[in-house]
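A.B. asks: Just dropping this structure here.
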Amino acid sequence: MARGRGRGLAFLEFNNSNDNGNNNNGQVIQRSPLPPTASSQFEDCWDDDCSSSAQVGTNSYGRATPDNFSYSPGETDSSLQLTGFSSSPTGWEDQASSSSSHYQNSNGYGNRADSSSSSHGFKRRERTTNGVDRTGGGCFKCGDSGHFARECSSTFSQSGSSSSGCYKCGESGHFARACPMSSNDSRTIGSRREAAYIPPPPPEDEETIFKCVPTGINFSKYDEIPVEVSGRAAPANMLSFESHFKGLLLTNIHRAKYDKPTPVQKNAIPIIHAGRDLMACAQTGSGKTAAFVLPVLNSLLKSDAQVCRESLPQYPHVLVVAPTRELAVQIFMDTRKFAYGTNIRSAVVYGGTSVGSQARTLHVGVHFLVGTPGRLLDFIEKNTINLSKVKHFILDEADRMLDMGFEPSIRKIVKDSGMPPKTQRQTLMFSATFPDRIQELAADFLNDYLFLTVGMVGGACTDVEQIILQVNRQEKRQKLCSFLDEFGSDKTLVFVEQKRNADFLASYLSQNSYRTTSIHGDRLQREREEALGEFKNGVTPILIATSVAARGLDIPNVNLVVNYDLPNCVDEYVHRIGRTGRCGNVGRAISFYSSDSDSALAKDLTKILSNAQQNVPAWLENEAKMSSCGGSSNYYNGSFGGRDRRKEKFDYGGGWQPISNGAPPASILEDECWD
C-alpha cells in the first residue's frame, strides 16, 4: 500500500499488491480531500501547517475519516456503496442515530483514534460556482469524474478563471517566472491580473491650475523672521518679484496670487539667478518650492530652450529629486503652473504607476523633470532619459531622503548616470532641517555653495498653536473623537506611526460616522492619490496618515493636526505640525504624549514650544528633567538644526563671511549646546 498527495489537497491510496489474487497494481482505491487515518506504518502529519498529527484526518464537520470508503476512477455515482450519510446541497446529513459527540473532542476537531470503530462510508458532494454538483472524486477543474485535474482538457476552472496558465498574463505554455510580460506593468493577485495604475491627466483649465493657498493674517510677520546667508560673495536679496522676473513668467506669478516674496524667496532667488550652488534651510510652509522653481524656469526661458523632439532618450535640462511620490507630484504641479503658456515642458515620474504610460509622456519631450529616486534610476538604466545635459540639479527634502535610505540611489544618480560634474552644473539642496550628515553630503555634491538659513532652523512655525496632552494609550480614541466633535467639519490631519494603525483608526472613525480616509505606504498608488484628493477637496475632512504625508505637502486649509502617535524623532514632529499654519495662516496642532513611549522627546518638545512662544506644561518640564538624565537631546546637540559648519572646519580665506538679512538671528540660549 502506498500513499500519495496530489494538488488540490487530494489524498490518494494506491494498491501495489496482489491481494486475493487480483492484479490491481497502481489502482486508486481511495481518493479523498481528507488525509488518511493514523497508522503505525505511516505516522507523519499530512497537514503542512500542523504541529501534531492528532489534529488532522477529519473533515470540516469534526468527523473522522471512515474506513470503508473506496473509489476507482471509472466508477459512477450509482456504483458507490454509501452508508450512514446522505448527500445534500449543503453538505452532509448524518443518518446514524448516535450522537456526533462520539467523533468530536473539546477543541472542535475529530479524534482520529476513534475512527477505527466507525463503520460509516461517505462521499463528498460540492456545489460549483455554476450550480453543478461535483462529487468528491471529480476533477477540480471541470467537476466531472473519471480523470484528474492535470489530465483535464478544460481551460478554465470552476471559478471561471484559467487555472493552468501563467499567473502574470493568463496564457498557457509557460510559468510566471518565464513570462515575457514585464512585472512593472501588471500587479497580480492569484490568477487575477490587475492593470498598472495610470494617473489621471493634470488639469487644463486655468482656474484649477492657479488655485492656491491664500495668505493669512500673519503673512506680514514673515519680514521679522531672522535670515542668515554664509559663504563667499553672496548677492544682495531682492525686494519684489518685478525686479527679477518679467513677461509671461511674471504674469503667472501674479495669477498664482504671489504678490510679495517670502524671506526664503527673497534670498534664494538672487543666489540661483547668480548661478551659485545653494543649501537652503527654512521653516515649513515658507515657500521653498517656488524659491527654486521660479529662478530655474527663468534661466531656461532666457537660454531659449529648444522645443523638445519626440524621441527617446530624452535629455532634461532640470532634474528635481523628491523623497515621496506625493511631494514629487506637487512640485510638478507648481512647475506646470509657473510655466503655463511657455514652451517649457515638465513631467513627473514615480513608482506605483504604469512604466509604459510615463515612458510615453517622456517620449513627447521634457525640459523640467521631477521624480523619485527609484523610478528615475529605472528610466536611466533603460536609457529612457539621459542626464548628460542637466544644467540644474535640485534635491528637495534632502534630509528625508537620507532618513529613508535613498543616499546610495542619490549618489548613483549623481556619479554613475552621466550627469555633468558639480563644476559644470548648478546644484541646489532644500529642506526644513539640515543636520551635519546632510552638510557632509552637500560637500560632495555642491561647489562653492552658499548656506541660507531662515528663522529658527529646525524650529516650528510660530503661527501654529501647539498643545501637548498627556494621554494614556487606552484613552486616545475617545480623546480624538472629542476633538473631532469640538472642531466639527474642520479639515483634520491625524498622524500615526504604524501603517496598520492608519487603516484601523480610519475604519473605527468611519464606523462612528466621521468621514475619514487614510494614506500610507502599503496602499496602492491609486488609493493614495484618491485619498489625498478627497481630503484636499473636502469630501473626507479627516485624513489618517503615516509620515508619507508629513513632508512638503501643501494641503490647503488644514486647520488641525493631531499627533495620535508622536514620532520617534523631533524633526518629524516639526514637519507634521507644519502641514497647518502655512503662508501666514493660523493653525493648531494637538499631540498625545505617553510617558511610556515618548519620554525621549520631552526635552526637545520643551525647547520647541519655548522657542515658538508656546505654553510649556509643567508636567512636560518634569518629564524633560527626568529624561535628561538618560542622555543628550538631538535638538540641543546640533544634529537637529543646521548652520554652516565650513567656517569651523575649513579655511575659506577673507572672501568667506556670514551675511544677515532681515531681523537679527535668534539668540542661542546658554544651556543650548550646538557642538
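In terms of this note's numbering, the sequence shown opens at residue 490 and continues consecutively. Glycine included, C-beta positions come from ideal geometry on N, C-alpha and C. Just so it is clear, the structure is predicted and the values come from calculations on it, not from any experiment.
Please return the same chain residues whose Cβ sits closer than 8 Å to the Cβ of Ala-1113, not counting the five positions on each side in sequence.
C.D. replies: Walking along the sequence shown from the start, residue 1113 turns up at place 624. Answer for Ala-1113: Ala-1091, Lys-1092, Leu-1094, Thr-1095, listed in chain order.
A.B. asks: Could you give the distance in angstroms between the alpha-carbon of Phe-1024 and the alpha-carbon of Ile-833?
C.D. replies: Reading the sequence shown from its first residue, position 535 is the one you call residue 1024. Reading the sequence shown from its first residue, position 344 is the one you call residue 833. Each residue's Cα considered, the two are about 31 Å apart.
A.B. asks: Between the Cα of Leu-884 and those of Asp-1085, Ser-719, Met-918, spot the shortest distance and give me the residue it belongs to.
C.D. replies: Here the question's residue 884 lines up with position 395 in the sequence shown. Minimum Cα distance to Leu-884 is reached at Met-918.
A.B. asks: If you check the beta carbons only, do Leu-865 and Val-810 fall under 8 Å apart?
C.D. replies: Counting from 1 along the sequence shown, the entry for residue 865 is found at position 376. Counting from 1 along the sequence shown, the entry for residue 810 is found at position 321. For Leu-865 and Val-810, yes; Cβs fall inside 8 Å.
A.B. asks: With DSSP run on the structure shown, which of helix, strand or coil describes Asn-1052?
C.D. replies: Within the sequence shown, residue 1052 is the residue found at index 563, counting from 1. Correct three-state label for Asn-1052: strand.
A.B. asks: Please list the segments of the beta strand (DSSP E) lying wholly inside the stretch 926-977, counting only runs of 3 or more residues, in order along the chain.
C.D. replies: The qualifying runs are 939-943, 953-959.
A.B. asks: Taking only the alpha-carbon atoms, compute the straight-line gap between Thr-824 and Ser-835 and give it to the nearest angstrom.
C.D. replies: The count along the sequence shown starts at 1 and reaches residue 824 at position 335. The count along the sequence shown starts at 1 and reaches residue 835 at position 346. Rounded to the nearest angstrom, the two C-alpha atoms are 7 Å apart.
A.B. asks: Looking at Leu-941: is its Cβ nearer than 8 Å to the Cβ of Ala-769?
C.D. replies: Within the sequence shown, numbered from 1, the residue matching residue 941 stands at position 452. Within the sequence shown, numbered from 1, the residue matching residue 769 stands at position 280. Yes, these two residues count as a Cβ contact at 8 Å.
A.B. asks: Comparing alpha-carbon positions, which option in Ala-828, Val-953, His-743 lies nearest Gln-1102?
C.D. replies: Residue mapping note: residue 1102 aligns to position 613 of the sequence shown, counting from 1. It is Val-953.
A.B. asks: If you measure between the beta carbons of Leu-1032 and Leu-982, is that distance less than 8 Å?
C.D. replies: Translated into the one-based positions of the sequence shown, residue 1032 becomes position 543. Translated into the one-based positions of the sequence shown, residue 982 becomes position 493. Yes, Cβ-Cβ distance for Leu-1032 and Leu-982 is below 8 Å.
A.B. asks: Sort Phe-1081, Gly-1010, Lys-904 by Cα distance to Arg-962 and report the nearest one.
C.D. replies: The residue given as residue 962 occupies position 473 in the sequence shown. With distances taken between Cα atoms, Arg-962 lies closest to Phe-1081.
A.B. asks: With respect to the alpha helix (DSSP H) encompassing Glu-1016, which residues constitute its N-terminal and C-terminal limits?
C.D. replies: Walking along the sequence shown from the start, residue 1016 turns up at place 527. Segment 1014-1026, the alpha helix (DSSP H) holding Glu-1016.
A.B. asks: Look at the alpha carbon of Pro-750 and the alpha carbon of Met-1115, and state the distance between them as a whole number of angstroms.
C.D. replies: On the sequence shown, residue 750 is found 261 positions in, with the first residue counted as 1. On the sequence shown, residue 1115 is found 626 positions in, with the first residue counted as 1. Between Pro-750 and Met-1115, the C-alpha separation is close to 44 Å.
A.B. asks: Pairing CB atoms from the stretch 868-882 with CB atoms from the stretch 903-913, are three or more of them under 8 Å?
C.D. replies: Judged by Cβ distances under 8 Å, the stretch 868-882 makes contact with the stretch 903-913, as three or more pairs qualify.
A.B. asks: With three or more beta-carbon pairs closer than 8 Å as the criterion, would you say the stretch 684-697 touches the stretch 1008-1021?
C.D. replies: The stretch 684-697 is in contact with the stretch 1008-1021.
A.B. asks: Run through DSSP, which three-state label would Ser-1156 get?
C.D. replies: Taking the first residue of the sequence shown as 1, we reach residue 1156 at position 667. The predicted position of Ser-1156 is uncertain, since its pLDDT is 34 and thus under 50; a value taken from the coordinates is nonetheless stated next. Three-state result, Ser-1156: coil.
A.B. asks: Is it right to say Gln-795 is buried, meaning 16 or more other beta carbons lie within 10 angstroms of its own, or is it exposed?
C.D. replies: Sequence index remark: in the sequence shown, residue 795 carries index 306 (1-based). Classification for Gln-795: exposed.
A.B. asks: What does a CB cutoff of less than 6 Å around Ala-1078 pick up in its chain, not counting 5 residues either side in sequence?
C.D. replies: Against the sequence shown, residue 1078 aligns to sequence position 589. Closer than 6 Å at the Cβ level, and outside the excluded window around Ala-1078, lie Val-953, Gln-955, Val-1050, Ile-1066.
A.B. asks: Please report the straight-line C-alpha distance between Thr-444 and Glu-1110, rounded to a whole angstrom.
C.D. replies: With the chain covering 490 to 1164 only, the question about residue 444 has no answer from this structure.
A.B. asks: What are the partner residues of Leu-884, as DSSP defines its beta bridges?
C.D. replies: Stepping through the sequence shown from its first residue, residue 884 is reached at position 395. DSSP output for Leu-884 lists Val-810, Met-918 as bridge partner(s).
A.B. asks: Quick one: what does DSSP say Ala-763 is sitting in, helix, strand or coil?
C.D. replies: Residue numbering aside, residue 763 sits at position 274 when the sequence shown is read from its first letter. If DSSP states are grouped into helix, strand and coil, Ala-763 belongs with coil.
A.B. asks: Are the CB atoms of Val-818 and Leu-789 nearer to each other than 8 Å?
C.D. replies: Sequence index remark: in the sequence shown, residue 818 carries index 329 (1-based). Sequence index remark: in the sequence shown, residue 789 carries index 300 (1-based). No. Outside cutoff.
A.B. asks: Judging by CA-CA distance, which residue of Glu-870, Gly-830, Thr-831 is the nearest neighbour of Ala-848?
C.D. replies: Within the sequence shown, the letter at position 359 stands for residue 848. Checking every option, the nearest Cα to that of Ala-848 belongs to Glu-870.
A.B. asks: Does the separation of the CB atoms of Pro-1030 and Ser-996 fall below 8 Å?
C.D. replies: The count along the sequence shown starts at 1 and reaches residue 1030 at position 541. The count along the sequence shown starts at 1 and reaches residue 996 at position 507. Result no, Cβ atoms of Pro-1030 and Ser-996 do not sit closer than 8 Å.
A.B. asks: Compare the C-alpha of Leu-816 against each of Ser-1099, Thr-1069, Ile-1044, Asp-1133 and name the closest.
C.D. replies: Residue 816 sits at position 327 when you count from the first residue of the sequence shown. If we check each option's Cα against that of Leu-816, Ile-1044 comes out closest.
A.B. asks: Since Leu-737 and Gly-830 should fall inside the 8 Å C-beta cutoff, what is the C-beta to C-beta distance between them, to a whole number of angstroms?
C.D. replies: For the purposes of this step, residue 737 is taken as the residue at position 248 of the sequence shown. For the purposes of this step, residue 830 is taken as the residue at position 341 of the sequence shown. Contact holds; Cβ gap of about 5 Å.
A.B. asks: So Ala-763 and Pro-812 are supposed to be a Cβ contact under 8 Å. How far apart are they, rounded?
C.D. replies: Position 274 of the sequence shown, counted from the start, is the residue given in the question as residue 763. Position 323 of the sequence shown, counted from the start, is the residue given in the question as residue 812. The pair is not a contact, with the Cβ atoms about 28 Å apart (cut-off 8 Å).
A.B. asks: Name the DSSP bridge partner or partners of Ile-1008?
C.D. replies: For the purposes of this step, residue 1008 is taken as residue 519 along the sequence shown, with counting starting at 1. Ala-1034, per the DSSP bridge assignment.
A.B. asks: State the start and end residues of the unbroken beta strand (DSSP E) segment that holds Ser-719.
C.D. replies: Along the sequence shown, read from residue 1 onward, the residue named residue 719 stands at position 230. That run of the beta strand (DSSP E) goes 715-721.
A.B. asks: Does DSSP put Val-1105 in a helix, in a strand, or in coil?
C.D. replies: For the purposes of this step, residue 1105 is taken as residue 616 along the sequence shown, with counting starting at 1. Coil at Val-1105, not helix or strand.
A.B. asks: Start and end of the alpha helix (DSSP H) containing Gly-863?
C.D. replies: By one-based count along the sequence shown, residue 863 stands at place 374. Residues 862-870.
A.B. asks: Buried or exposed: Asn-1057, going by 16 or more other Cβ atoms within 10 Å of its Cβ?
C.D. replies: Reading the sequence shown from its first residue, position 568 is the one you call residue 1057. Exposed.
A.B. asks: Tell me Leu-858's beta-bridge partners as DSSP assigns them.
C.D. replies: For the purposes of this step, residue 858 is taken as residue 369 along the sequence shown, with counting starting at 1. DSSP, once it has assigned bridges, lists Leu-808, Ala-836 as partnering Leu-858.
A.B. asks: From the DSSP secondary-structure annotation, give me the bridge partner or partners of Cys-770.
C.D. replies: As a working mapping, residue 770 is identified with position 281 in the sequence shown. Answer by DSSP bridge pairing, in chain order: Ser-920, Thr-942.
A.B. asks: Leaving out the 5 sequence neighbours to the left and right, which residues in its chain are closer than 7 Å to Thr-778 when beta-carbon positions are compared?
C.D. replies: The count along the sequence shown starts at 1 and reaches residue 778 at position 289. Answer for Thr-778: Ile-820, Asp-823, listed in chain order.
A.B. asks: Which partner residues of Thr-981 appear in the DSSP bridge assignment?
C.D. replies: Here residue 981 refers to the residue found at position 492 when the sequence shown is read from its first residue. According to DSSP, which records beta bridges pairwise, Thr-981 is partnered with Ile-1031, Leu-1049.
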